[in-house]
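In my numbering, the protein residues as written are -6 to 613.
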Ligand code: M6R
């Protein structure tokens, strides 16, 4: 995820563009850059590694002036975060400047042929091909050149483009990355998100996929890829700035929960093409992967729960022994890892001290270390032998949500990738599973759509819980039960709940209940039972009956249409669409996250920044 802003008007563009970037920093902050036309109509630019503040410091020393320009804050995908890879990117003659949010999947083939045609590239980014393509197609009409250029692109993009020969306008285009137009008086804007421009206008036009936008001081025109004009009326936005940064959601956590279909879609678009799985940045030889006699998965917190799910996935489909461990335990217990072990470390931030130490320990013992990580350029990504990025975009809320499902999705694809290498699954079976996997974004959207309005069922259950908790003189607590591949989800549901609502919550494999936790069951606990259709469905039904027989309150997560389970007199029901058991953890994570969110909201806690916690734990 990156943030882009474009401005055409009569005011100081540098001030408007840098302020806009600051409001988009939630989308990434590896580097920032800006380009404006000067009085002579030349393109001048500044760009700098680091946050927008670093760029503004550069601008204080080397100021720019102009009333038309484009800007960018970067979440790196192709090319490390440095000054050169920062946007804007230019063509060979520095006459064209481009800022881009998204990923150009076919950039390498485009770059190769542009080089053959004589273009010189300065950066390692995918974005730079856009500047050179526009250069190639430019024949005196920038809009036309952009239209031709984007037809060559595969992947996702929201772009702003300016050309020296047309210093009165900016051209924008979009495919699968957000872009809005802000319509003002004697000024117009382009941006990735509304907060960037809300200070100046509330009249917004949403750009759709395949649309090309042409803005100057007075006019906004939108056309399709064939050049036909599309009439679009602005919508009036009534948000205040605080609301807008969260995209209209009350908290970052809720926003991030609702971003999950997009995140998984992005993973699919980045990783799957022609029914094959690609991990371009992996850098560990396929032979090394096949040769691994065992796999150790090491991580902390939510990432550990993803890793534990990965154990179920990898063992089932690659028939390789796998164990999962928390990083802080792994490193102090003389683990049996050696050159025959593939160690997978998982981390959203890539900076977690315990996981970094575990990684170093594993490498010291000659194991190959593969990182599954969200942050490009992070210590864990840099120090591992190979890396797979999860592409979840910046996660702001301390309670991890979209990073978790992105880790699960990545582990699924890695499992199928390994199964192919090891021939432990047939090509047909892999294809069949990949087809199921591709349905996940729409199933996630379907699930989320049930809970997007205020007063939805889960919010209502949370309200009931608070009343119950107070009536029980705070004796109520949560117990999460599940089996098999959803057992780690029970741990994750409990972690989510306790970290933001400070209420005691435990996750257990349901089969273990009779070995101890059943002693806790009376009328006080709320027992969240994951009882969707699966191999262990009948066993879960028995566990529910055992809880009910002792007076516990059961909240059951069931498969939509499962009428028979309702005969167990469940207290509360959350249903999710039918999905292959193997992939069900991604979908079931949604109600678990929402329940934690709504309970914390009922109690009025600081959901995005819960007490005593930090987003990135860099101490041991
Ligand atoms: O950045 P990491 O994924 O390495 O972080 C690991 C844990 O600190 C993290 O998952 C933590 O448990 C979250 N607050 C859970 O929501």
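We put the CB at the ideal spot given by N, CA and C, even for glycine.
Close beta carbons around residue i, own chain, < 8 Å, minus the five adjacent residues each side
i	result
residue 395	249, 250, 252, 253, 256, 385, 386, 388
residue 116	72, 77, 78, 82
residue 627	Residue 627 lies beyond the stretch modelled for the chain, which goes from -6 to 613, so this question has no answer here.
residue 553	568, 569, 570, 571
Whole-angstrom distance between residue j and residue i, CA atom to CA atom
i	j	result
residue 26	residue 548	50 Å
residue 533	residue 545	15 Å
residue 381	residue 488	25 Å
residue 354	residue 408	24 Å
residue 608	residue 390	7 Å
residue 490	residue 108	53 Å
residue 183	residue 7	14 Å
residue 247	residue 90	35 Å
residue 245	residue 598	14 Å
residue 426	residue 433	11 Å
residue 530	residue 152	48 Å
residue 39	residue 157	16 Å
residue 283	residue 265	20 Å
residue 4	residue 196	18 Å
residue 46	residue 480	44 Å
residue 405	residue 302	9 Å
residue 262	residue 520	38 Å
residue 550	residue 155	52 Å
residue 509	residue 239	43 Å
residue 84	residue 131	11 Å
residue 310	residue 161	58 Å
residue 15	residue 224	31 Å
residue 175	residue 1	11 Å
residue 318	residue 437	29 Å
residue 280	residue 367	25 Å
residue 53	residue 214	35 Å
residue 423	residue 464	52 Å
Whole-number beta carbon distance between residue j and residue i, since they are thought to touch under 8 Å
i	j	result
residue 163	residue 61	7 Å
residue 470	residue 494	With a Cβ gap of about 11 Å, residue 470 and residue 494 do not count as contacting.
residue 397	residue 582	6 Å
residue 688	residue 482	Nothing about residue 688 can be read from this structure; the chain reaches only from -6 to 613.
residue 233	residue 17	At roughly 17 Å, the Cβ-Cβ gap does not stay under 8 Å, so residue 233 and residue 17 are not in contact.
residue 429	residue 573	5 Å
residue 476	residue 503	5 Å
residue 80	residue 49	Residue 80 to residue 49, Cβ: 16 Å. No contact.
residue 99	residue 133	At roughly 27 Å, the Cβ-Cβ gap does not stay under 8 Å, so residue 99 and residue 133 are not in contact.
residue 13	residue 68	Contact flag wrong, Cβ pair sits at about 16 Å.
residue 126	residue 145	6 Å
Close Cβ partners of residue i (< 6 Å) along its chain, the five nearest in sequence each way excluded
i	result
residue 452	591
residue 537	522, 547, 561
residue 323	291, 351
residue 308	315
residue 31	37, 59
residue 103	122
residue 333	286
Contacts around residue i, its chain only, beta-carbon distance under 7 Å, and the 5 residues preceding and following it disregarded
i	result
residue 338	291, 292, 348, 351, 352, 362, 364, 373, 377
residue 118	71, 72, 78, 82
residue 330	289, 336, 355, 358, 360
residue 136	164, 205, 207
residue 296	339, 340, 341, 400
Beta-ladder partner(s) of residue i, from DSSP
i	result
residue 502	475
residue 548	521, 565
residue 558	In DSSP, residue 558 forms no bridge with anything.
residue 287	334
residue 0	62, 182
residue 265	270
residue 292	319, 339
Neighbour flag for residue i against chain B, beta carbons, 9 Å
i	result
residue 565	Checking the listed chains, one finds no chain B in this structure; it contains a single protein chain.
Proximity test, residue i beta-carbon vs ligand 2 heavy atom, cut-off 8 Å
i	result
residue 85	Questions concerning ligand 2 fall outside what the structure shown contains, since the ligands it does hold are ligand 1.
Query raised in the report: In the region 131 to 180, which residue ranges form an unbroken alpha helix (DSSP H) of at least 4 residues, counting only runs that do not cross its ends?
Result: 135 to 143
Query - Ordered list of alpha helix (DSSP H) runs contained in the region 428 to 496, each at least 4 residues - result: 433 to 442, 450 to 464, 480 to 494
Query raised in the report: What are the complete alpha helix (DSSP H) segments, minimum 4 residues, inside the region 172 to 259?
Result: 234 to 238, 245 to 251
**Report entry** In chain order, each alpha helix (DSSP H) run of at least 4 residues that lies wholly inside the region 309 to 384
**Finding:** 320 to 323, 346 to 357, 372 to 376
Requested in this report: Go through the region 564 to 603 residue by residue and report every complete run of the alpha helix (DSSP H) that reaches 4 residues or more, in order.
Outcome: 577 to 596
Query - Whole runs of the beta strand (DSSP E) within the region 17 to 97, excluding any shorter than 3 residues - result: 24 to 30, 36 to 42, 61 to 67, 89 to 94
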